[in-house]
Amino acid sequence: MQTRLYQITPQDAGALHEVGALLRGGGLAGIPTETVYGLAANALDGAAVANIFRAKGRPQDNPLIVHISAFSQLYPLVRAVPMQAVALARAYWPGPLTIILPKSPAIPDEVSAGLDTVAVRMPSHPLARAIIHAAGVPLAAPSANLSGSPSPTTVRHVLDDMGGRIDAVVDGGPCAVGVESTVVTLAAGRPRLLRPGGVTLGQLRAVLGTVEVDHAVEEQLAAGEKASSPGMKYRHYAPKAHVVILRGPFDRYAEYVNAHAGEGVAALCYEGEEAALRARAIPCGSRNDPASQARRLFDTLRALDALGVNTAYARCPEKAGVGLAVYNRLLRAAAFEIIDV
Ligand code: TXA
Ligand code: MG
Numbered sequence: 003m004q005t006r007l008y009q010i011t012p013q014d015a016g017a018l019h020e021v022g023a024l025l026r027g028g029g030l031a032g033i034p035t036e037t038v039y040g041l042a043a044n045a046l047d048g049a050a051v052a053n054i055f056r057a058k059g060r061p062q063d064n065p066l067i068v069h070i071s072a073f074s075q076l077y078p079l080v081r082a083v084p085m086q087a088v089a090l091a092r093a094y095w096p097g098p099l100t101i102i103l104p105k106s107p108a109i110p111d112e113v114s115a116g117l118d119t120v121a122v123r124m125p126s127h128p129l130a131r132a133i134i135h136a137a138g139v140p141l142a143a144p145s146a147n148l149s150g151s152p153s154p155t156t157v158r159h160v161l162d163d164m165g166g167r168i169d170a171v172v173d174g175g176p177c178a179v180g181v182e183s184t185v186v187t188l189a190a191g192r193p194r195l196l197r198p199g200g201v202t203l204g205q206l207r208a209v210l211g212t213v214e215v216d217h218a219v220e221e222q223l224a225a226g227e228k229a230s231s232p233g234m235k236y237r238h239y240a241p242k243a244h245v246v247i248l249r250g251p252f253d254r255y256a257e258y259v260n261a262h263a264g265e266g267v268a269a270l271c272y273e274g275e276e277a278a279l280r281a282r283a284i285p286c287g288s289r290n291d292p293a294s295q296a297r298r299l300f301d302t303l304r305a306l307d308a309l310g311v312n313t314a315y316a317r318c319p320e321k322a323g324v325g326l327a328v329y330n331r332l333l334r335a336a337a338f339e340i341i342d343v
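Written as structure tokens, this is what we have:
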């Protein structure tokens, strides 16, 4: 299959009509969002959604997020819209927030992977919104990477993983947030954070009051434990290189890295720290700016493999604000391996 690359703006009505018709008719397209690129299909077409799982090599039990471009599109997808969902949507939609609610019969089993809930989000990227609007149906879309590898934040990443496996991909430039949306469930009694992302825990609490944090956000699930968010149980976001997080102040980090420097060893550090490091230094954002770390994270993880790195020692992100999402993703890329230095 030849993957058609679209380089368009939200004003290109003809091309948008084409991509919309492709999606409505059961095709697969890589689309930009403000978080990461998504691999979209008509969310109401079970057979089209099944093709997403095939193209990604995604485990069948991992449900997908449904993307909408107008709030009214939420009603047919869920059993009821509680006040808390209205309040969250008013504050953070369109934007990097996914809300889980009990699903309506309109949601095919392929989307919900057998759960009785559905995850919904309204992205803010102008092209994402224009594509959903042109399709005229809600779009199911996981991140557009091969299952297990780092999520794509540029059209190049999507083509590297999905070229030849999907009908089309739309270039929307590099993603502004760089990590996936925050996932919060309103279907389990009290609101609970299942995956940290662009909307912070503080921002959720400002609207909802109490929000519990699922323990899988910061900890590895015990063997056999059931995940509240199935995606959190897989090894994830992982380059081929062995990633180890070093937790401690910079001078101890540098000491450890310098003692272990050698062929194939890299230091995943922050900008401005390179000079003190004797291993190949690969900066990922700046230390006091977690948003810059989020924006750079997946591209940096992908670069490790391109540079032939075998072992990367990463600085341990601060968990405040968007930093919690950076920490959560890096922890999985490192298969939970942290060394205190
Ligand atoms: O920013 C994003 O959310 C991106 C862009 C493309 O919108 N999408 C994304 O999708 O990250 P994906 O499939 O890579 O991650 C979806 C996560 C998974 O961890 C999945 O298990 C969880 O959301 N999820 C989806 N539906 C769920 C449900 N009904 N209950 C619990 N978790 C759910
Ligand atoms: Mg993903």
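With the sequence shown counted from 1, adding 2 to any position gets you our numbering. We put the CB at the ideal spot given by N, CA and C, even for glycine.
With a contact defined as Cβ atoms closer than 8 Å, residue 145 and residue 40 qualify at about 6 Å.
Boundaries for residue 40: no alpha helix (DSSP H) harbours it, while the beta strand (DSSP E) harbouring it runs 40-44, taken from the DSSP string.
Exclusion of residue 330 from the 8 Å shell around the ligand MG follows from its C-beta lying no nearer than that to any non-hydrogen atom of the ligand. In terms of side-chain proximity, the C-beta atom of residue 61 is found no nearer than 8 Å to any non-hydrogen atom of the ligand MG. Collapsing the DSSP output to three states places residue 127 in coil. At least one heavy atom of the ligand MG falls within 8 Å of the beta-carbon of residue 182. Shortest Cα-Cα distance from residue 23 to any of 177, 270, 215 and 170 involves 170. Comparing alpha carbon positions, the residue from 11, 73, 318 and 313 closest to residue 97 is 73. When the five nearest sequence neighbours on each side are left out, the beta carbons in the same chain lying within less than 6 Å of the beta carbon of residue 259 are those of 269, 279, 281 and 315, in order along the chain. The straight-line gap separating the alpha-carbon atoms of residue 192 and residue 4 is approximately 46 Å.
Counting along the chain, the unbroken beta strand (DSSP E) around residue 9 starts and ends at 6-9. Around the C-beta of residue 11, fewer than 16 other C-beta atoms lie within 10 Å, and the residue is accordingly described as exposed. Around the beta carbon of residue 221, fewer than 16 other beta carbons lie within 10 angstroms, which makes this residue exposed. Take residue 205, set aside five residues on each side of it, and the residues of its chain with a beta-carbon closer than 8 Å to its own are 93 and 94, in chain order. Taking 9 Å as the cut-off, the beta carbon of residue 45 is found closer than this to the beta carbon of residue 79. Residue 312 sits away from residue 250, with the two beta carbons spaced by 9 Å or more. Per the C-alpha coordinates, the member of 48, 256 and 337 positioned closest to residue 275 is 256. Judged by their CB atoms, residue 302 and residue 182 are not nearer to each other than the 9 Å cut-off. Of the candidates 340, 128, 337 and 196, the residue whose Cα lies closest to the Cα of residue 172 is 128.
Residue range 252-261 is occupied by the alpha helix (DSSP H) that includes residue 254, with no beta strand (DSSP E) assigned at that position.
Residue environment for residue 163: buried (at least 16 other C-beta atoms within 10 angstroms of its C-beta).
Rounded to the nearest whole angstrom, the CA to CA distance from residue 217 to residue 331 is 14 Å. For residue 18, the enclosing alpha helix (DSSP H) has its first and last residue at 15-26. With a cut-off of 8 Å, the C-beta of residue 159 is classified as distant from the ligand MG, since no heavy atom of the ligand falls inside that distance. Distances between the C-beta of residue 147 and the heavy atoms of the ligand MG include at least one below 8 Å. Residue 159 counts as buried, since at least 16 other C-beta atoms from the protein chains shown sit within 10 angstroms of its C-beta.
Counting along the chain, no alpha helix (DSSP H) covers residue 110, and no H or E run does either. Around the beta-carbon of residue 317, 16 or more other beta-carbon atoms lie within 10 Å, marking it buried. With contacts defined by Cβ atoms closer than 9 Å, residue 133 and residue 18 form a contacting pair. Membership of residue 67 in any alpha helix (DSSP H) is not indicated; the residue belongs instead to the beta strand (DSSP E) covering 67-69. In the DSSP assignment, residue 209 falls outside any beta strand (DSSP E) and within the unbroken alpha helix (DSSP H) covering 203-210. If the five residues before and after residue 178 are omitted, its C-beta is found closer than 6 Å to the C-beta atoms of 36, all from its own chain and listed in chain order. Secondary structure note for residue 193: it is in no alpha helix (DSSP H), with a DSSP letter that is neither H nor E.
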